[in-house]
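Visitor: This is the structure I have questions about; it appears just below.
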Amino acid sequence: MRFLVIGNGGREHAIIDVLQKNQANEIHCIPGIDAIQTITNHQLDITDFPELANYAITHSIDYTIVGPEAPLVNGIVDFFRTKKLAIFGPDKAAAQIEASKAFSKEFMERYHIPTASYKRFTNYDDAVSYIENTDTFPIVIKASGLAAGKGVVIPNSRAEAKTELAEMMLDKKFGDAADEIVIESFLEGEEASVFAVCDGKNYLLLSPAQDHKRIGEGDTGKNTGGMGAYAPAPVVTDRVMKRVESDILVPFLKGMQNDGHPYTGVLFIGLMIKNDAPSVVEFNCRFGDPETQVVLPLLETELAEIIQACCCGQLNEVKLRHSNKSAMTVVIASGGYPDDYKKGLVISGLDQLKGVEIRYAGTRIENGHLLSNGGRVLNLIAIEDSFEQCAEKIYSQIDLIRMQDKYYRHDIGHRVLKH
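See the structure below:
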């Protein structure tokens, strides 16, 4: 089969790697990951849907897989379907579940899906007034729109909340994404991520994962796109997963059907778990990053088979098989991330690594040199019999990679490692 993968990060590299395990699959990538020599890369604009569709037609692409959220939110699935092209992902209306936190909260409220209590605001003064009358901290303030995974703050005091609110709504720290904000009660517990592949009616659950969102050791500092992950996450027990299905996923799919937009593609469910009771922190309309880098390698069922069945509405015919291995990834970022950071830094030492895999998250090739080209630059991945073995493999070699001012967390997997 011929696949077109849209995107150029570590998540897309992970998707490509799993698809390439079947050598019969031919992989195309836009705008491309030029460090991967075994695929066909094309530098096209991923916002130009007619050009992308024309590429899919002229290259006889069987299935298109969309990595990042922006094309989904802007309607790439709708456009491809008008051209009778098979594409993996939700339509524009269903993708609002990620595009608008306010929409997502209202949807969960309507369909009785467990989540934190909330208020939504488009007026700064109204939001300030609400905070001034709030006595319980911490609280959670979210930009309603897309903010690259960084639009959430958790102030611990009224003064801190007002400062954060001003930065979001007045100073436009997250641009237009914070024209509307959501203020939520703070949920206690342990976070985890569950991916459900959906065809509108049927679904398949992939291995649960746990991300590390904060930039600093011990889960401190600013939110990032994710500094590392592991799978399967032990906190998601069989009992918890059954409740995710009955309390969250089934009502979600029924709700989307009732609203006239059956959900297709992958649904990322960000959870907070306390006493085996899961609540939704967020929904995303695509594969998470870096969780995908540890979830997909544990699949023993071919991803191509899953994508094909999903696009044909036949997921109920797929028998899902998972490895019993453990997987872990650590993100190498540019110094300064998630704030200001340099690009174009030379990366070397990858040829010295043994027993770990590399995913290119933010890189480019220039004059034969591998250079940094983003905040999150590389993912190191280990797949072993235990999380301890994964951590040992990664952390014993991570400093063989040379890049000026590189940064990584030293404690990925701290919740599951036996010290």
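FYI, numbering that gives the first Met the number 0 numbers position 360 of the sequence shown as 359, with every residue one higher than the one before it.
Don't be surprised by glycine CBs; every beta carbon is placed ideally from N, CA and C.
Please report the Cβ distance between Ala326 and Tyr229, rounded to the nearest whole angstrom; I am assuming they are in contact, meaning their Cβ atoms lie under 8 Å.
Guide: Residue numbering aside, residue 326 sits at position 327 when the sequence shown is read from its first letter. Residue numbering aside, residue 229 sits at position 230 when the sequence shown is read from its first letter. Indeed they touch by this definition, with Cβ atoms about 6 Å apart.
Visitor: Measuring only the C-alpha atoms, how far is Gly412 from Ser156?
Guide: As a first step, residue 412 must be located in the sequence shown, where it is residue number 413. As a first step, residue 156 must be located in the sequence shown, where it is residue number 157. For Gly412 and Ser156, the distance between alpha carbons rounds to 29 Å.
Visitor: Can you give me the start and stop residues for the beta strand (DSSP E) that Val376 sits inside?
Guide: Numbered from its first residue, the sequence shown carries residue 376 at position 377. Run containing Val376: Arg375 to Glu383, per the beta strand (DSSP E) assignment.
Visitor: Do you know offhand how far Tyr54's Cα is from Asn40's?
Guide: Within the sequence shown, residue 54 is the residue found at index 55, counting from 1. Within the sequence shown, residue 40 is the residue found at index 41, counting from 1. About 12 Å.
Visitor: For Asp77 and Val193, what's the separation of their Cα atoms in angstroms?
Guide: Against the sequence shown, residue 77 aligns to sequence position 78. Against the sequence shown, residue 193 aligns to sequence position 194. Each residue's alpha carbon lies about 25 Å from the other.
Visitor: For Tyr336, I'd like the list of residues in its chain whose CB is within less than 8 Å of its CB, leaving aside the five on either flank, ordered along the chain.
Guide: Looking up residue 336 in the sequence shown gives position 337. So the qualifying residues of the chain are Ile214, Thr223, Gly374, Arg375 and Tyr406.
Visitor: What does DSSP give as the partner residues of Val197 in its beta bridges?
Guide: As a first step, residue 197 is located in the sequence shown; it is residue number 198 there, counting from the start. In the sequence on display, residue 197 carries Cys and not Val. Answer is Tyr202 and Gly264.
Visitor: Measure the C-alpha to C-alpha separation of Thr121 and Ser184 and round it to an integer number of angstroms.
Guide: Numbered from 1 along the sequence shown, position 122 holds the residue referred to as residue 121. Numbered from 1 along the sequence shown, position 185 holds the residue referred to as residue 184. Between Thr121 and Ser184, the C-alpha separation is close to 18 Å.
Visitor: Please classify Gln95 as buried or exposed, where buried requires at least 16 other C-beta atoms within 10 Å of its C-beta.
Guide: Your numbering for residue 95 matches position 96 in the sequence shown. Flag for Gln95 reads buried.
Visitor: Specify, as a first and last residue, the run of the beta strand (DSSP E) that Pro277 falls within.
Guide: Here the question's residue 277 lines up with position 278 in the sequence shown. Run containing Pro277: Ala276 to Asn283, per the beta strand (DSSP E) assignment.
Visitor: Got a sec? Which residues, its chain only, sit under 8 Å from Ala23 by beta carbon, not counting five neighbours each side?
Guide: One-based indexing of the sequence shown puts residue 23 at position 24. Hits under 8 Å: Met0.
Visitor: Note down the Cα distance separating Ile380 from Ile357, rounded to an integer number of angstroms.
Guide: Indexing the sequence shown from 1 puts residue 380 at position 381. Indexing the sequence shown from 1 puts residue 357 at position 358. Each residue's alpha carbon lies about 6 Å from the other.
Visitor: Could you check if Thr63 is buried or exposed, using at least 16 other CB atoms within 10 Å of its CB as the buried criterion?
Guide: In the sequence shown, the residue the question calls residue 63 occupies position 64. Looking at its Cβ environment, which holds 16 or more other Cβ atoms inside 10 Å, Thr63 is buried.
Visitor: Runs of 3 residues minimum, wholly inside the stretch 127-209: which ones carry the beta strand (DSSP E) assignment?
Guide: Complete beta strand (DSSP E) runs here, min 3: 138-142, 180-184, 189-198 and 202-204.
Visitor: Straight-line CA distance for Gly334 to Asp350?
Guide: Reading the sequence shown from its first residue, position 335 is the one you call residue 334. Reading the sequence shown from its first residue, position 351 is the one you call residue 350. If I take the Cα positions, the gap works out to 22 Å.
Visitor: For the candidate residues Met402, Asp398 and Ile180, whose alpha-carbon lies nearest to that of Lys342?
Guide: Translated into the one-based positions of the sequence shown, residue 342 becomes position 343. The candidate whose alpha carbon is nearest that of Lys342 is Met402.
Visitor: Quick check on this structure: which residue in Pro231, Ala208, Ser322 and Glu166 has the alpha carbon closest to the alpha carbon of Gly225?
Guide: If you number the sequence shown from 1, residue 225 lands on position 226. Among Pro231, Ala208, Ser322 and Glu166, the Cα nearest to that of Gly225 belongs to Ala208.
Visitor: With a floor of 4 residues, list each alpha helix (DSSP H) that falls wholly inside the stretch 83-127, ordered by position along the chain.
Guide: As far as the stretch 83-127 is concerned, its whole alpha helix (DSSP H) runs of at least 4 residues are 95-98 and 100-109.
Visitor: Pull up the CB-CB distance for Ile268 and Ile331, whole angstroms please, since I reckon it's below 8 Å.
Guide: Indexing the sequence shown from 1 puts residue 268 at position 269. Indexing the sequence shown from 1 puts residue 331 at position 332. Not quite, the Cβ-Cβ distance comes to about 27 Å (not below 8 Å), so this is no contact.
Visitor: So, Asp210 versus Thr236, is the Cβ gap smaller than 8 Å?
Guide: Stepping through the sequence shown from its first residue, residue 210 is reached at position 211. Stepping through the sequence shown from its first residue, residue 236 is reached at position 237. Contact flag unset, no.
Visitor: For Leu344, I'd like the list of residues in its chain whose CB is within less than 6 Å of its CB, leaving aside the five on either flank, ordered along the chain.
Guide: Counting from one through the sequence shown, the residue named residue 344 turns up at place 345. Closer than 6 Å at the Cβ level, and outside the excluded window around Leu344, lie Ser371, Met402 and Gln403.
Visitor: Around the C-beta of Leu169, are 16 or more other C-beta atoms found within 10 angstroms, so that it is buried, or is it exposed?
Guide: The residue labelled residue 169 in the question sits at position 170 within the sequence shown. Result: exposed.
Visitor: Tell me the start and end of each unbroken alpha helix (DSSP H) in the stretch 8-54 that is at least 4 residues and wholly inside, in chain order.
Guide: For the stretch 8-54, whole alpha helix (DSSP H) runs of length 4 or above, ordered along the chain, are 9-18.
Visitor: State the DSSP-derived secondary structure class of Asn222, mapped to helix, strand or coil.
Guide: Start at 1 with the first residue of the sequence shown, and residue 222 comes out as number 223. Note: Asn222 maps to strand in three-state DSSP.
Visitor: Do Leu270 and Val17 have their CB atoms nearer than 8 Å?
Guide: Within the sequence shown, the letter at position 271 stands for residue 270. Within the sequence shown, the letter at position 18 stands for residue 17. No, Cβ-Cβ distance for Leu270 and Val17 is not below 8 Å.
Visitor: For Leu369 and Arg363, what's the separation of their Cα atoms in angstroms?
Guide: For the purposes of this step, residue 369 is taken as the residue at position 370 of the sequence shown. For the purposes of this step, residue 363 is taken as the residue at position 364 of the sequence shown. Between Leu369 and Arg363, the C-alpha separation is close to 6 Å.
Visitor: Measure the beta-carbon distance from Ile29 to Ile15 and round it to whole angstroms, keeping in mind my assumption that it falls under 8 Å.
Guide: Residue 29 sits at position 30 when you count from the first residue of the sequence shown. Residue 15 sits at position 16 when you count from the first residue of the sequence shown. Actually they do not touch by this definition, with Cβ atoms about 12 Å apart.
Visitor: Short of 6 Å in beta carbon distance, which residues of its chain neighbour Glu25, apart from the five on each side in sequence? Order them along the chain.
Guide: As a first step, residue 25 must be located in the sequence shown, where it is residue number 26. Excluding positions up to five away in sequence, the list reads Arg1.
Visitor: Rounding to the nearest angstrom, what Cα-Cα distance links Leu71 and Lys91 in this structure?
Guide: In the sequence shown, the residue the question calls residue 71 occupies position 72. In the sequence shown, the residue the question calls residue 91 occupies position 92. Looking at the two C-alpha atoms, the distance is approximately 6 Å.
Visitor: Would Val279 and Thr328 qualify as a contact pair, given that the criterion is a beta-carbon distance under 8 Å?
Guide: Numbered from 1 along the sequence shown, position 280 holds the residue referred to as residue 279. Numbered from 1 along the sequence shown, position 329 holds the residue referred to as residue 328. No, the Cβ-Cβ distance between Val279 and Thr328 is not below 8 Å.
Visitor: Looking at Gly148: is its Cβ nearer than 8 Å to the Cβ of Gly66?
Guide: Along the sequence shown, one-based indexing puts residue 148 at 149. Along the sequence shown, one-based indexing puts residue 66 at 67. Not in contact: Gly148 and Gly66 (Cβ atoms no closer than 8 Å).
Visitor: Name the two residues that bound the continuous alpha helix (DSSP H) containing Lys394.
Guide: In the sequence shown, residue 394 corresponds to position 395, counting from 1. The residue asked about is misnamed: residue 394 is Tyr in this sequence, not Lys. That run of the alpha helix (DSSP H) goes Phe386 to Tyr394.
Visitor: For Gly361, is the classification buried or exposed, using 16 other Cβ atoms within 10 angstroms of its Cβ as the cut-off for buried?
Guide: Taking the first residue of the sequence shown as 1, we reach residue 361 at position 362. So Gly361 counts as buried.
Visitor: Roughly how many angstroms lie between the CA atoms of Val181 and Leu51, to the nearest whole one?
Guide: Along the sequence shown, one-based indexing puts residue 181 at 182. Along the sequence shown, one-based indexing puts residue 51 at 52. Val181 and Leu51: Cα-Cα distance of roughly 34 Å.
Visitor: Would you grab the beta carbon distance between Ile459 and Phe87 for me? Rounded to a whole angstrom, and I think it's under 8 Å.
Guide: As displayed, the chain neither begins before 0 nor continues past 418, which places residue 459 out of reach and without an answer.
Visitor: Please report how far the alpha carbon of Gly367 lies from the alpha carbon of Ile346, in whole angstroms.
Guide: Working through the sequence shown from its first residue, we reach residue 367 at position 368. Working through the sequence shown from its first residue, we reach residue 346 at position 347. Taking the straight line from one Cα to the other gives about 11 Å.
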